[in-house]
Amino acid sequence: MLSKALPQPCSGAGGDVHCRRGAQAASPRSVVGVAGGAGRRGGVGGRLVASVAGERSEALHTAAVAGGQHHVNGSAVAGMDKLVTSTVGKSTNILWHDCPIGQPERQKLLNQKGCVVWITGLSGSGKSTLACALSRELYSRGHLTYILDGDNLRHGLNRDLSFEAKDRAENIRRVGEVAKIFADAGLICIASLISPYRSDRSGCRNLLHNSSFIEVFLNVPLEVCEARDPKGLYKLARAGKIKGFTGIDDPYEPPSDCEIVIHCKAGDCATPKSMADKVVTYLEANGFLQE
427 MLSKALPQPC SGAGGDVHCR RGAQAASPRS VVGVAGGAGR RGGVGGRLVA SVAGERSEAL
487 HTAAVAGGQH HVNGSAVAGM DKLVTSTVGK STNILWHDCP IGQPERQKLL NQKGCVVWIT
547 GLSGSGKSTL ACALSRELYS RGHLTYILDG DNLRHGLNRD LSFEAKDRAE NIRRVGEVAK
607 IFADAGLICI ASLISPYRSD RSGCRNLLHN SSFIEVFLNV PLEVCEARDP KGLYKLARAG
667 KIKGFTGIDD PYEPPSDCEI VIHCKAGDCA TPKSMADKVV TYLEANGFLQ E
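Structure below.
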């Protein structure tokens with residue numbers, strides 16, 4: 427959750443202000459940690475300290491004290507004891523910037539709590555159908571949602587990814603990060619993807635508070651999904667024209683401990699609205715539909 431502390435304005439001599447996020451450091455070997463707690467950045471007057479990045483713990487980019495003000499690359503930053511840039515993955519010399527309007531304020535404005543409803547299941551199990559029905563039902567009740575559909579995202583954000591194992595993992599990782607942003611914005615984010623591997627889904631869950639990640643498993647047998655075959659993909663996979671197709675020559679790992687399971691058997695499948703109602707009931711019972 428973002429800090430509620432108001433940021434101090436930048437100041438500089440003669441009105442020549444240079445406020446830099448991620449200013450150049452002598453070396454990209456430091457990461458941001460916080461005195462008194464991991465995972466949060468302090469507000470005004472907070473003390474940012476360096477923590478270990480891999481095997482390297484040396485903080486190389488700190489603020490110099492001059493005349494009561496702290497200067498980073500020549501820019502005055504008030505109220506900071508130390509200022510340390512971060513290395514995250516391949517990104518160096520970056521600094522997290524907090525704003526005074528955070529998730530609590532956005533949730534209050536929307537009168538709902540941000541969360542991620544992650545719908546998983548085989549191709550043809552009805553994930554996109556449920557996502558749209560759920561979005562429609564919540565909209566009718568005055569709640570703001572956004573759907574992240576697996577196929578839709580491969581038209582843009584993930585168009586550079588294949589269906590090989592490495593790219594499938596990156597596909598899910600990206601969607602998880604985007605879903606996290608939507609939840610932080612206070613929206614009810616509905617992610618609809620096959621997401622066949624437990625480890626990838628767990629990685630997305632770990633991006634949020636556990637209670638804010640609601641995994642919905644459409645437990646539909648392969649024979650039912652294959653009989654539906656809305657895109658004709660099972661037929662192509664059976665003919666060997668598609669390789670690595672989930673359920674045929676690539677595994678699907680069902681959730682072992684998800685929040686909601688929706689069962690469907692041949693000739694006995696719930697309507698889209700009844701499935702959506704089940705998810706809405708869960709959201710109501712757990713306080714997501716009110717701030």
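If you're matching positions, the sequence shown starts at 427 in our numbering and goes up one per residue. Yeah, the Cβ is synthetic: ideal placement off N, Cα and C, and Gly gets one too. As the structure is a computational prediction, the values presented were derived from the model and not from experiment.
Residue nearest to K553 within the set G582, P530, E641 is E641 (criterion: CA-CA distance).
For F643, the three-state secondary structure derived from DSSP is strand.
The C-beta of T546 has 16 or more other C-beta atoms within 10 Å across all chains shown, which makes the residue buried. One Cα belongs to K691, the other to E649, and the distance between them is close to 9 angstroms. It is roughly 27 angstroms from the alpha-carbon of K592 to the alpha-carbon of S638.
Judged by their CB atoms, V542 and A611 are not nearer to each other than the 7 angstroms cut-off.
The count of Cβ pairs closer than 8 angstroms, one atom from the stretch 623-633 and one from the stretch 665-683, reaches three, so the stretches are in contact. Using a C-beta cut-off of 8 angstroms, the stretch 653-662 makes contact with the stretch 549-569, since at least three inter-stretch Cβ pairs fall below that distance. By the beta-carbon neighbour count (other beta carbons within 10 angstroms, threshold 16), N597 is buried.
Non-local beta-carbon contacts of G629 in its own chain, meaning distances under 8 angstroms to residues more than five positions away in sequence, involve I598, R599, G602 in chain order.
Rounded to whole angstroms, the Cβ separation of V705 and L560 is 5 angstroms, and the two are in contact under 8 angstroms. According to the DSSP assignment, T518 belongs to no alpha helix (DSSP H) but to the beta strand (DSSP E) extending over 517-520. Here K539 is buried. Its C-beta has 16 or more other C-beta atoms within 10 Å. Here S638 carries a helix assignment [DSSP, helix/strand/coil]. T555 is positioned such that its CB atom lies no closer than 7 angstroms to that of P647. Counting only runs of at least 3 residues, the stretch 519-543 fully encloses no beta strand (DSSP E) element at all. If you look at Y660, you'll find it in the alpha helix (DSSP H) that goes 659-664. In the structure shown, C615 adopts extended strand secondary structure according to DSSP, grouped into three states.
Cβ atoms of Q533 and E710 stay farther apart than 8 angstroms, at about 16 angstroms. Of C525, A557, D586, K661, the smallest CA-CA separation from S700 is found for A557.
A straight line joining the alpha-carbon of T672 with that of L583 spans about 22 angstroms.
S625: member of the alpha helix (DSSP H) spanning 624-631, first to last residue. Taking a contact as a CB-CB distance under 8 angstroms, the pair G658 and L619 does not count as one, their CB atoms being some 20 angstroms apart. Look at I573 here: in three-state DSSP terms it is strand. W544 and L570 have their C-alpha atoms roughly 16 angstroms apart.
Contact annotation: I686 and I616 have beta-carbon atoms that are not nearer than 7 angstroms. Around the Cβ of I674, a 10 Å sphere holds 16 or more other Cβ atoms; the residue is buried. Collapsing the DSSP output to three states places S512 in a strand.
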